[in-house]
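Here the sequence shown is numbered in this note's numbering, starting from -6 and rising by one per residue. Only one structure is covered here, and it is reproduced in the block below.
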Amino acid sequence: MEANGTDTAAAAVQYATQAEFESVVDHLWLLLAAFLVFMMQAGFSMLETGTVRAKNAKNIMIKNVMDACLGAFMWWGFGYPFAYGGGDYSGGPPNGFIGARDFFFIHGYSDCTGDSPCIYPMNPSIDSFAGWLFQWAFAATAATIVSGAVAERCTFAGYLSYCACITGFIYPVVVHWIWSGYGWLSAFRDAEVARGAWVSHGVVDFAGSGVVHMVGGAAALVGAAMLGPRQGRFDNEGKLVKFTPHNSAFVGLGTLILWFGWYGFNPGSTMGLSDGYIEMAEKVAVGTTLAASGGGLGAFTMFFTMNGYTDLAPICNGILSGLVAVCSGVAVSEPWACFVIGFFAAIFEFWFAIGVQ
-6 MEANGTDTAA AAVQYATQAE FESVVDHLWL LLAAFLVFMM QAGFSMLETG TVRAKNAKNI
54 MIKNVMDACL GAFMWWGFGY PFAYGGGDYS GGPPNGFIGA RDFFFIHGYS DCTGDSPCIY
114 PMNPSIDSFA GWLFQWAFAA TAATIVSGAV AERCTFAGYL SYCACITGFI YPVVVHWIWS
174 GYGWLSAFRD AEVARGAWVS HGVVDFAGSG VVHMVGGAAA LVGAAMLGPR QGRFDNEGKL
234 VKFTPHNSAF VGLGTLILWF GWYGFNPGST MGLSDGYIEM AEKVAVGTTL AASGGGLGAF
294 TMFFTMNGYT DLAPICNGIL SGLVAVCSGV AVSEPWACFV IGFFAAIFEF WFAIGVQ
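Written out as structure tokens, the structure is:
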């Protein structure tokens, strides 16, 4: 009797197939990467709070918190559909400029069918909620880039309006162009479904140097140009007045948190670990580290050569410059090349900042 009971229990045990296990690992990897990227919100908040004057610290924190809140709503309702939706509710074909379907996760009102769990009483439009979360964290990053550029001189209502626009429309459109399966610049497009650009193979932007950082940076530059300098930034003769960060500890800690978050940003962009992507993720993590290292050393070298002493802010700016610059090609760049990219990106940022001032 005991033998029969044991045999029955053993027969009842079910083991996951290799495909099921790989799916679990890939989704878990994407979730962890999304959590790391969201940590970058904390990094931006601390960096910007430490940089502005103490009287404006609460204001800048509120703006960064609202980036996450308002950004999540806009990405859910409009951003994700504009970025990855194809076609429209009338059954029209997808286009290369913008998606037009699946707003608020609603694909249609038909009953759920098949063996998969029915999460909603309607047919959900999204294949991976982990993918949605990961892309939302990217959208929030693009939005918060502008927060520091317009610090201390942008009204709260104006900032919220901008945040809604970039997370709900501007950034998603660029994502659709380059990362969707339908975009006119996408390397992932299906030639039978989507018409491409003159670049036959599409644009490769592995982790968003252009899609995320250039979009956020361009919006930041336009916003700063429209608003002008902060009060007290120049004296009566038009000479630059040096601003000292009110909390250097926040600046340094914020930069390190951002560096940590970048390990979700870049390695997480493999979108999984199965089928050999674990090796790519490892290489991308090393390249990300060396780019940050090169950026910090490049900025340190420039500032020390010019002034004869060192300072925290230029080094932090150099680290971030290296991390931003390497995002696009880190998956196809050798480790030494990532260091070089970071080093010269920091040098460019150093002199560009001086030129702007």
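Just so you know, even glycine gets a beta-carbon here, dropped at the ideal spot from N, CA and C.
Looking only at DSSP bridge pairs, what is residue i linked to?
i, result
"SER179", "VAL196"
"PHE227", "LEU233"
"ILE334", "None, per the DSSP bridge assignment."
Select from the options the residue whose C-alpha is nearest the C-alpha of residue i.
i, options, result
"PRO165", "ARG146, LEU316 and GLY201", "GLY201"
"VAL168", "VAL208, VAL143, CYS331 and TYR152", "VAL208"
"GLY265", "HIS20, PHE90, ALA47 and ASN229", "HIS20"
"ALA12", "VAL279, PHE336, GLU327 and SER267", "SER267"
"VAL317", "GLY301, GLY203, GLN7 and ASP95", "GLY203"
"PHE343", "LEU313, PRO328 and CYS331", "LEU313"
"ASN57", "PHE66, MET67 and MET39", "MET39"
"ALA346", "THR263, LEU233, ASN240 and VAL279", "LEU233"
"HIS239", "ALA306, HIS206, VAL17 and PRO328", "ALA306"
"GLY176", "PRO87, LEU220, SER121 and LEU251", "PRO87"
"GLY261", "GLY247, PHE14, LYS276 and LEU249", "LYS276"
"VAL279", "TRP252, TRP68 and TYR302", "TRP252"
"GLY174", "ALA76, VAL18, ILE334 and VAL205", "ALA76"
"TRP22", "GLY311, ASN310 and TYR270", "TYR270"
"GLY221", "MET67, GLU145 and THR42", "GLU145"
"ALA47", "TRP170, SER121, SER241 and MET67", "SER241"
"TRP172", "THR148, GLY210, GLY92 and PHE243", "GLY92"
"SER121", "TRP170, VAL17, MET219 and GLY195", "VAL17"
"ASN259", "GLU15, PHE199 and GLY311", "PHE199"
"MET219", "MET67, PHE66 and THR148", "THR148"
Throw me the rounded Cβ distance for the residue i and residue j pair, which I believe falls under 8 Å.
i, j, result
"VAL349", "THR281", "Not really, about 27 Å apart at Cβ, beyond 8 Å."
"TYR73", "GLN34", "About 18 Å; that fails the 8 Å criterion."
"ALA61", "LEU126", "At roughly 12 Å, the Cβ-Cβ gap does not stay under 8 Å, so ALA61 and LEU126 are not in contact."
"PHE97", "GLY70", "5 Å"
"GLY216", "VAL143", "5 Å"
"ILE138", "ALA213", "6 Å"
"GLY287", "GLY315", "5 Å"
"LEU24", "ALA123", "5 Å"
"THR263", "GLY141", "Actually they are not in contact, since the Cβ atoms of THR263 and GLY141 sit about 29 Å apart, beyond 8 Å."
"ILE250", "GLY36", "3 Å"
Please work out which residues of its chain come closer than 7 Å, Cβ to Cβ, to residue i, disregarding the five sequence neighbours upstream and downstream, and give them in chain order.
i, result
"VAL197", "ALA180"
"ALA130", "ALA27, VAL30 and PHE31"
"ASP304", "PHE296"
"ALA273", "The question names Ala, but residue 273 in the sequence shown is Met. Excluding sequence neighbours, MET273 sits near THR263 and ALA324."
"TYR256", "LEU29, ALA278 and THR281"
"MET(-6)", "Because the pLDDT at MET(-6) is just 47, under 50, the model does not fix this residue reliably, and the value given afterwards should be weighed accordingly. Same-chain partners within the cutoff: there are none."
"GLY210", "ILE138"
"ARG182", "GLY174, TYR175, GLY176, GLY189 and GLY195"
"TRP353", "Nothing can be reported for residue 353: it is not among the residues displayed for the chain, which extend from -6 to 350."
Beta-carbon within less than 6 Å of residue i's beta-carbon, same chain only, minus the 5 sequence neighbours each way: which residues are those?
i, result
"ALA136", "ASP60, GLY64, CYS156, ILE159 and THR160"
"LEU283", "PRO328, CYS331 and PHE332"
"PHE336", "GLY287 and GLY291"
"HIS206", "VAL317"
"ILE308", "GLY289, ALA292 and PHE293"
"ALA243", "Rather than Ala, the amino acid found at residue 243 in this sequence is Phe. Taken in chain order, the residues that qualify are MET39, THR42 and GLY43."
Less than 8 Å between C-beta atoms, sequence neighbours within five positions excluded: which residues of the same chain meet that for residue i?
i, result
"TYR8", "none"
"ILE334", "ALA284, GLY287, GLY315, ALA318, VAL319, GLY322 and SER326"
"GLU41", "ILE53, ASN57, SER140, GLY141, ALA144 and GLY247"
"ASN49", "ALA144 and GLU145"
"ALA310", "Before going on, a small fix: residue 310 reads as Asn here, not Ala. Here the set comprises ALA292, ALA339, GLU342, PHE343 and ALA346."
Assess, as a yes-or-no matter, whether the stretch 274 to 291 is touched by the stretch 40 to 56 under the definition of 3 or more beta carbon pairs within less than 8 Å. no
Looking at C-beta atoms only, is the number of pairs between the stretch 152 to 160 and the stretch 220 to 230 that lie closer than 8 Å three or more? no
Give a yes or no on contact between the stretch 294 to 302 and the stretch 319 to 334, applying the rule of three or more CB pairs nearer than 8 Å. no
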